[in-house]
Amino acid sequence: MSTQIGIPQRFLLVGASAAFVLTWSSGFIIAKIGTDAAPALTVLVWRYLVVAALLLLGMVALGFRGRRLRTRRFAFPAWRDIRPHLTIGLFAQFGYILPIYLAVGAGVSAGTTALIDAIQPLVVATLVGPLLGLRVRAVQWLGLTLGAIGVVLIVAADASASMSPTPAYVLPLVALASLVTATFLERRTSARLGVFATLATHAAITLVAVTLLAAFTGALAPPATLSFWLSTALIAVFPTLIAYALYWFLLRRLGITALNALLYLVAPTTAVAGSILFADPFTLATLAGLVLGAGAIALVIAPGRQSSRGTSRNVVASTSAPVTDPTIARP
Numbered sequence: 003m004s005t006q007i008g009i010p011q012r013f014l015l016v017g018a019s020a021a022f023v024l025t026w027s028s029g030f031i032i033a034k035i036g037t038d039a040a041p042a043l044t045v046l047v048w049r050y051l052v053v054a055a056l057l058l059l060g061m062v063a064l065g066f067r068g069r070r071l072r073t074r075r076f077a078f079p080a081w082r083d084i085r086p087h088l089t090i091g092l093f094a095q096f097g098y099i100l101p102i103y104l105a106v107g108a109g110v111s112a113g114t115t116a117l118i119d120a121i122q123p124l125v126v127a128t129l130v131g132p133l134l135g136l137r138v139r140a141v142q143w144l145g146l147t148l149g150a151i152g153v154v155l156i157v158a159a160d161a162s163a164s165m166s167p168t169p170a171y172v173l174p175l176v177a178l179a180s181l182v183t184a185t186f187l188e189r190r191t192s193a194r195l196g197v198f199a200t201l202a203t204h205a206a207i208t209l210v211a212v213t214l215l216a217a218f219t220g221a222l223a224p225p226a227t228l229s230f231w232l233s234t235a236l237i238a239v240f241p242t243l244i245a246y247a248l249y250w251f252l253l254r255r256l257g258i259t260a261l262n263a264l265l266y267l268v269a270p271t272t273a274v275a276g277s278i279l280f281a282d283p284f285t286l287a288t289l290a291g292l293v294l295g296a297g298a299i300a301l302v303i304a305p306g307r308q309s310s311r312g313t314s315r316n317v318v319a320s321t322s323a324p325v326t327d328p329t330i331a332r333p
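So in our numbering, spot 258 of the sequence shown is number 260, and the numbers just go up one at a time.
Set out below in structure tokens:
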């Protein structure tokens, strides 16, 4: 009987894991489609308008459901809890997603941006850990080094095969630094919001920021093309709402270590999809970079010795902060 129950559950987790990797990866792919149709700022303004509208409808639905059932399904948080998350949201979403979109729009391959994004747990675990008073193992420094070498290989292969300007490859690093900063700020604050409230707060502050910047630069008006509106709708639903719903579902059932491993699978998935859909370069150097990145992630998320296991878990857990905040900080 337990076997009959366990098998469907196993298939459910496998299916959810595959869907999670695909929807997370779709953010980079759809960003490429969107920035081919309009400037990055224009895409982001209308993306966040769609996201804000969906979140508003969700809050209204939860409010009505709670009133009908006479339960507190959703309660607006206090301003003192919201305020720190406005700053975190600027780093986790605006400071992360805008450079990614600018890089993709400038011709940097989706796979390259995805790999640089994937080493964020390495940087957090190795560099931010000491700032938070957490001990970092020597193997994590090795992981960071391998991850950096993997990024260099991928960027070199991409740059040699594309016409992208060299400064464009700095943009994913700016996004990485912004996301790491958001992680540090999130771990330092005592203000805690629920998932829904965090999503809404970060989306709202990012919408304000991108709208002001787009208005200042004359990039507010959307193009009247089907590809733009289709990519805007898809990017608001799949890598934003569905991917984060799957993230929380899998986090509760698999744990953060397995989830970090799944997050790394986004990089090769995106690289292969970019090669098929957009003829992005996929060379032996690209493959070597992905393999090095996989090894680096494995070193960082592998459980340490029993004496340091709690510390290791705390360091690695901090890597999930910019994801759980929503950040809808994925492209």
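Note that the Cβ used here is the ideal one computed from N, Cα and C, for glycine as well.
Reduced DSSP category for residue i - H, G, I as helix; E, B as strand; rest coil
{"i": "Ala281", "result": "coil"}
{"i": "Val141", "result": "helix"}
{"i": "Gly257", "result": "coil"}
{"i": "Phe78", "result": "coil"}
{"i": "Leu267", "result": "coil"}
{"i": "Pro10", "result": "helix"}
{"i": "Pro41", "result": "coil"}
Alpha carbon of residue i to alpha carbon of residue j, nearest angstrom
{"i": "Val141", "j": "Leu155", "result": "21 Å"}
{"i": "Leu214", "j": "Val45", "result": "14 Å"}
{"i": "Ser310", "j": "Trp143", "result": "Interpretation of Ser310 is limited by its pLDDT of 40, a score under 50 that renders its predicted location unreliable; the figure taken from the coordinates is listed afterwards. Their backbone Cα atoms lie some 15 Å apart in a straight line."}
{"i": "Ala221", "j": "Ser180", "result": "23 Å"}
{"i": "Ala159", "j": "Ser27", "result": "20 Å"}
{"i": "Gly291", "j": "Leu117", "result": "9 Å"}
{"i": "Leu294", "j": "Gly149", "result": "6 Å"}
{"i": "Pro101", "j": "Gly113", "result": "15 Å"}
{"i": "Ala216", "j": "Pro224", "result": "11 Å"}
{"i": "Thr285", "j": "Ser19", "result": "27 Å"}
{"i": "Arg12", "j": "Ala298", "result": "28 Å"}
{"i": "Gly107", "j": "Gly276", "result": "14 Å"}
{"i": "Val210", "j": "Tyr266", "result": "31 Å"}
{"i": "Leu252", "j": "Gly145", "result": "25 Å"}
{"i": "Thr147", "j": "Leu124", "result": "9 Å"}
Residue i burial status per 10 Å Cβ neighbour count (16 or more: buried)
{"i": "Pro241", "result": "buried"}
{"i": "Ile121", "result": "buried"}
{"i": "Leu95", "result": "It is Gln, not Leu, that sits at residue 95 in the sequence shown. Gln95 is buried by the Cβ-count criterion."}
{"i": "Ser233", "result": "buried"}
{"i": "Leu58", "result": "exposed"}
{"i": "Trp81", "result": "exposed"}
{"i": "Val16", "result": "exposed"}
{"i": "Val153", "result": "buried"}
{"i": "Ala287", "result": "buried"}
{"i": "Phe230", "result": "buried"}
### Message
I'd like the ranges of any alpha helix (DSSP H) spanning at least 4 consecutive residues and lying wholly in the stretch 181-211.
### Response
none
### Task
Pick out the complete alpha helix (DSSP H) segments inside the stretch 218-247, 4 residues or longer, and give them in chain order.
228-238
### Task
Could you pull out every unbroken beta strand (DSSP E) segment of at least 3 residues lying fully inside the stretch 81-123, listed in chain order?
none
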